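When we follow full-length UniProt numbering, the leftmost residue of the sequence shown carries the number 1, and every step to the right adds one. What follows is one structure encoded as structure tokens, with my remarks underneath.
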Amino acid sequence: MGTGKKEAARRTRQGKDSDGMNNIHQKGENFYRSAKRVKTLNQFKEGRPERNARGDITKAASFQSFEKKAVARVEPHRKWFTNTRVIGQDALTEFREAIESQKKDPYSYLLKRNKLPLSLIDDGKSRERKDGVLQHRAKMRLETEGFGDTFGPKAQRKRPRMAVSSLGDYAAATSEEQQVYGAKLVEAAALRPEDEDVPAGEAADLITGELTTAREPVFSKGQSKRIWNELYKVIDSSDVVIHVLDARDPLGTRCQSVEKYMREEAPHKHLLFLLNKCDLVPTSVAVSFAIPVAPHLLHFTTTALVKILVLALPSIDSMEMDLLRLWEIEPLRSLPALCRLGMVN
1 MGTGKKEAAR RTRQGKDSDG MNNIHQKGEN FYRSAKRVKT LNQFKEGRPE RNARGDITKA
61 ASFQSFEKKA VARVEPHRKW FTNTRVIGQD ALTEFREAIE SQKKDPYSYL LKRNKLPLSL
121 IDDGKSRERK DGVLQHRAKM RLETEGFGDT FGPKAQRKRP RMAVSSLGDY AAATSEEQQV
181 YGAKLVEAAA LRPEDEDVPA GEAADLITGE LTTAREPVFS KGQSKRIWNE LYKVIDSSDV
241 VIHVLDARDP LGTRCQSVEK YMREEAPHKH LLFLLNKCDL VPTSVAVSFA IPVAPHLLHF
301 TTTALVKILV LALPSIDSME MDLLRLWEIE PLRSLPALCR LGMVN
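Written out as structure tokens, the structure is:
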């Protein structure tokens with residue numbers, strides 16, 4: 001294929017135009033530079049003004065004026081040199097305390113939000129917990145100040161920020177943490193029931209406070225303070241509490257703390273043990289378990305107990321009814337006709 005040149009350019013190059021005056025030099029015309037090239041070169045010189053022999057500017061450059069004008073100045077007013085919104089420390093402390101008190105109230109609502117810098121009010125307590133779990137301060141600091149921001153060529157400060165200034169301070173802080181940890185171990189040993197059987201392999205772990213197995217996060221589910229508060233709300237608002245036990249592991253599903261709380265703090269309330277999943281174990285096993293638990297059971301008449309259980313659990317089956325009749329249940333003299341039922345599972 002050809003070079004793609006136009007026909008008009010070929011005729012001009014070969015001198016075959018109609019007038020035949022293309023190769024003749026005319027006076028006043030730049031023979032070495034075309035008009036487009038001259039225009040481009042003039043653009044390069046537009047940034048300089050034209051001056052006369054004495055150095056005075058006769059023609060200003062592009063986007064430039066040589067006439068002297070008044071210098072612009074900022075108005076000497078206080079509103080341009082102060083903060084737009086100012087708040088004192090006393091008012092800030094009072095507002096922070098009010099926010100903390102209202103956050104814990106579930107019955108208060110925020111109707112109108114004031115335009116205040118809430119970052120001054122937030123003291124960082126909300127960031128200490130992630131998914132309800134208390135985070136370590138070192139882990140929080142690593143999220144905000146990474147290793148690359150402290151060390152290396154991209155470091156933002158000259159020296160790292162450390163909690164201690166010398167090895168002596170670090171040793172003192174370590175000994176203080178060890179004392180706090182020892183106090184926690186003593187407190188945990190005091191809260192443990194004396195009659196509870198401890199396996200031989202776990203005795204050393206109770207003394208040292210160390211666990212030989214890893215603790216998975218799934219085992220900490222359902223142990224938050226909020227769930228326990230809801231449980232005790234149910235207990236406080238109930239006259240009869242039904243404790244549902246699993247027939248496969250009845251002792252493992254008993255909540256000793258709830259029984260102790262009701263025995264000491266609410267002796268007027270009634271606690272029932274309901275053995276669930278009886279169809280998964282032999283009847284003899286379920287009956288044998290009912291014998292050691294019988295002293296802890298409240299004694300109702302069979303009819304009254306069945307009525308309460310049917311009111312609480314309409315889906316109770318016939319096998320569990322037969323098991324309840326096997327228990328030695330003595331009549332109760334005073335049983336309220338209408339009582340609020342609380343389920344503890």
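Ideal placement from N, C-alpha and C gives every residue a C-beta, glycine not left out. These numbers come from a predicted model, not from an experiment.
Per the DSSP secondary-structure output, LEU272 pairs in a beta bridge with ILE242. Going by DSSP, LYS59 is part of the beta strand (DSSP E) stretching over 57-59. Minimum Cα-Cα distance from TYR261 among the listed residues LEU41, GLY252, LEU271 corresponds to LEU271. In this structure, PRO49 lies away from ALA35, with their beta-carbon atoms at least 7 Å apart. Shown here, GLU50 sits in a strand according to DSSP, grouped into three states. Inter-residue distance for ALA163 and LYS68 is about 60 Å (C-alpha atoms, whole angstroms). Residue range 225-236 is occupied by the alpha helix (DSSP H) that includes GLU230. When DSSP states are grouped into helix, strand and coil, LEU111 belongs to the coil group. DSSP places LYS277 in the coil class of the three-state scheme, outside both helix and strand. Around THR58, the same chain offers GLU50, ASN52 as residues with beta carbons nearer than 6 Å, after the five sequence neighbours per side are excluded. Less than 7 Å separates the beta-carbon of ILE242 from that of LEU274. LYS154 is a Cβ neighbour of GLY148, given a cutoff of 7 Å.
Under the three-state reduction of DSSP, ARG263 is assigned to helix. Of the other Cβ atoms in all chains shown, fewer than 16 fall within 10 Å of the Cβ of PRO267; this residue is therefore exposed. Separation of LYS45 and TYR32 (C-alpha to C-alpha, rounded to the nearest whole angstrom) is 19 Å.
In the structure shown, the three-state DSSP call for GLN156 is coil.
The alpha-carbon of ASN276 is positioned some 6 Å away from that of ALA247. For VAL38, the three-state secondary structure derived from DSSP is helix. About 7 Å separates the beta carbons of LYS269 and SER238, which is inside the 8 Å limit, making them a contact pair. Its chain contains GLN102 as the residues whose beta carbon lies nearer than 7 Å to that of SER108, once the 5 sequence neighbours on both sides are disregarded; these appear in chain order. Scanning its chain for C-beta atoms nearer than 8 Å, with the 5 sequence neighbours on each side dropped, one finds around VAL285 the residues ALA247, in chain order. In the displayed model, ARG254 falls within coil according to three-state DSSP, outside both helix and strand. For ALA91, the enclosing alpha helix (DSSP H) begins and ends at 89-103. GLN179 sits in a helix when the DSSP states are folded into three classes.
Nearest neighbour of GLY47 by Cα position, chosen from ASP56, SER65, ALA173, GLY182, turns out to be SER65.
Secondary structure at TYR32: coil, using DSSP grouped into helix, strand and coil.
Shown here for GLN156: same chain residues with a beta carbon closer than 8 Å to its own, the five before and five after excluded, namely ASP149, THR150 in chain order.
Secondary structure at GLU187: helix, using DSSP grouped into helix, strand and coil.
Per DSSP, reduced to three states, the secondary structure at GLN43 is helical.
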